[in-house]
Amino acid sequence: MSDIVCLAKEAESAGFDSVWATELYRTSFQQLAAVAAETRDIKLGTAVALAFVRSPLITSLTALDLDEVSRGRLILGLGSGAKRTNELWHGLPHGKPVTRIKECIEVIRRVISASHLEDPISFEGEYYDINTRGYHRAFKPERDNVPIYLAGVGAAMTKAAGEVADGYIGHVVCSLRYIREVVTKSLDRGLNSSNKNRNNFTTASIITCAVSKDKKRAKEAARATIAFYSTVRTYEPPFKLHGFEKEAVKIREAFFNRDVEGMIKNVSDDMVDTFAIVGAPGECRKRVKEYMEVLDLPILSAPHYYLDFEEVREYQKAILETFST
8 MSDIVCLAKE
18 AESAGFDSVW
28 ATELYRTSFQ
38 QLAAVAAETR
48 DIKLGTAVAL
58 AFVRSPLITS
68 LTALDLDEVS
78 RGRLILGLGS
88 GAKRTNELWH
98 GLPHGKPVTR
108 IKECIEVIRR
118 VISASHLEDP
128 ISFEGEYYDI
138 NTRGYHRAFK
148 PERDNVPIYL
158 AGVGAAMTKA
168 AGEVADGYIG
178 HVVCSLRYIR
188 EVVTKSLDRG
198 LNSSNKNRNN
208 FTTASIITCA
218 VSKDKKRAKE
228 AARATIAFYS
238 TVRTYEPPFK
248 LHGFEKEAVK
258 IREAFFNRDV
268 EGMIKNVSDD
278 MVDTFAIVGA
288 PGECRKRVKE
298 YMEVLDLPIL
308 SAPHYYLDFE
318 EVREYQKAIL
328 ETFST
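For the sequence shown, the working numbering assigns the number 8 to the initial residue and increments by one for each residue that follows.
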């Protein structure tokens, strides 16, 4: 955890817009609480907090607390999570994710904006039936409109982001082509259906970025991260768009056989070039500029799966040095 705090402080000093915390081996909120205490200005984003494994009330209170601790710097990034992990790891029903996430965000907005006021909050939907009668939060919020970004890969969830969220977070496997051909169109449909102004909406995406003069080694590092995400069926649309279905099937087979080497071996060079930014500093800066033609905020992530901490830290430092302002 102390390394995460140091990294965030370095990012702030280097002029980065925001620092984002994932949720798998740690919780997003706890990491950012530690970061909030040691930083002053950099925005703090959850990328992403799992929406269905917490009640909307607990998610709202956690967000309010973290926004207060950080003095109004939180971006609440939410995602539905994958069906398999929600059901097998958390023991919770997944349901219809688009319907459920819309309801969840609506409840969270109401709690954040009004839990400190006198009137109870009520909501009745397919997944949430809530009435906060008898509950009154004794603390005024730092902000009553914490921005909510919704993560998505498929067209339906991406459209939902345009409809109900303040921003969108694309996944590691959302390639530049996928963002152009699928994400942008789906977001536009969502924004138009809700009569929302595109200028008031932020489009972000997480991008695996391995900056190194040793391109072959950097490709191997990125290959491992792509292998990990190839195992999740929820992320299939970008693989289908690029014709990588056969590779994904082989990677999943190796994963269930606990064959990490086989997983990584089946990630082709074309897959690395499609889903990651790899190369010397100048080359990586050029590639990021291409993404910025369609994104407001590229979220650069060093390769990390199946790598030791020292190698991950090396790629994190390279990102800081290459994109420092």
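Think of the CB as a built atom: it goes at the ideal place given N, C-alpha and C, for glycine as much as any other residue.
Every value quoted in this text rests on a predicted model; they were computed, and no experiment measured them.
_Residues in the same chain with beta-carbon distance under 8 angstroms from V254, minus the five sequence neighbours each way, listed in chain order, please._
Looking at the sequence itself, residue 254 is Glu, so the reference to Val does not match. So the qualifying residues of the chain are S237, F246, N273, V274, S275, M278.
*asked:* With three or more beta-carbon pairs closer than 8 angstroms as the criterion, would you say the stretch 49 to 68 touches the stretch 85 to 102?
replied: yes
_Straight-line Cα distance separating E290 from K90_ = 37 angstroms
*Candidates K222, K203, G161, E318, of which the one nearest C181 by Cα*: Closest by C-alpha distance to C181, out of K222, K203, G161, E318, is G161.
_8 angstroms contact criterion, which V12 and D74 should meet: CB distance rounded_ = So it is not a contact: roughly 18 angstroms between Cβ atoms.
*Pick from Y313, T281, F208: whose alpha carbon is nearest that of R265?*
Y313
*So, helix, strand or coil for N199, using DSSP?*
Note: N199 maps to helix in three-state DSSP.
*Between the beta-carbon of A217 and the beta-carbon of P310, is there less than 7 angstroms?*
yes
_Which residues DSSP lists as bridging F96, in chain order_ = The question names Phe, but residue 96 in the sequence shown is Trp. None, per the DSSP bridge assignment.
*For I258 versus M270, is the C-beta distance shorter than 7 angstroms?*
Yes, the pair counts as a contact, with Cβ atoms nearer than the cut-off.
*If you count every other CB in all the chains shown that lies within 10 Å of the CB of F316, and 16 or more means buried, which is it?*
exposed
*Excluding sequence positions up to five away, which residues of its chain have a Cβ less than 7 angstroms from the Cβ of Q14?*
Residue 14 is actually Leu in this sequence, not Gln. Short of 7 angstroms from the beta carbon of L14, and not among the five residues preceding or following it, lie these beta carbons of its own chain, in chain order: Q323.
*Report the option in F282, Y156, I49, C111 whose CA atom is closest to the CA atom of F23.*
I49
_Residue span of the beta strand (DSSP E) that contains C216, given as start and end_ = 209 to 218
*Name the two residues that bound the continuous beta strand (DSSP E) containing Y322.*
That residue, Y322, is in no beta strand (DSSP E); its alpha helix (DSSP H) goes 316 to 330.
*With 16 as the cutoff for other CB atoms within 10 Å, does L124 come out buried or exposed?*
exposed
*asked:* Short of 7 angstroms in beta carbon distance, which residues of its chain neighbour S331, apart from the five on each side in sequence? Order them along the chain.
replied: A21, G22
*If you draw a straight line from the alpha carbon of K296 to that of A211, how long is it in whole angstroms?*
13 angstroms
*How many whole angstroms separate the CB atoms of S219 and A325, which I take to be in contact at a CB cut-off of 8 angstroms?*
6 angstroms
_Are the CB atoms of S193 and K223 within a distance shorter than 7 angstroms?_
no
*Please say whether S201 and E252 have beta carbons closer to each other than 7 angstroms?*
no
*Considering only C-alpha positions, which residue in the set S77, E243, E94, F130 is nearest to G159?*
E243
*Could you name the residues that DSSP lists as bridge partners for I176?*
A158, A211
_Nearest-angstrom Cα separation, counted from A43 out to G197_ = 33 angstroms
*Residue closest to E45, alpha-carbon to alpha-carbon, out of S62, M8, Y32*: Nearest option by C-alpha distance: M8.
*asked:* From the DSSP secondary-structure annotation, give me the bridge partner or partners of E243.
replied: Beta-bridge annotation (DSSP): E243 is not paired with any residue.
*Note down the Cα distance separating T106 from R240, rounded to an integer number of angstroms.*
20 angstroms
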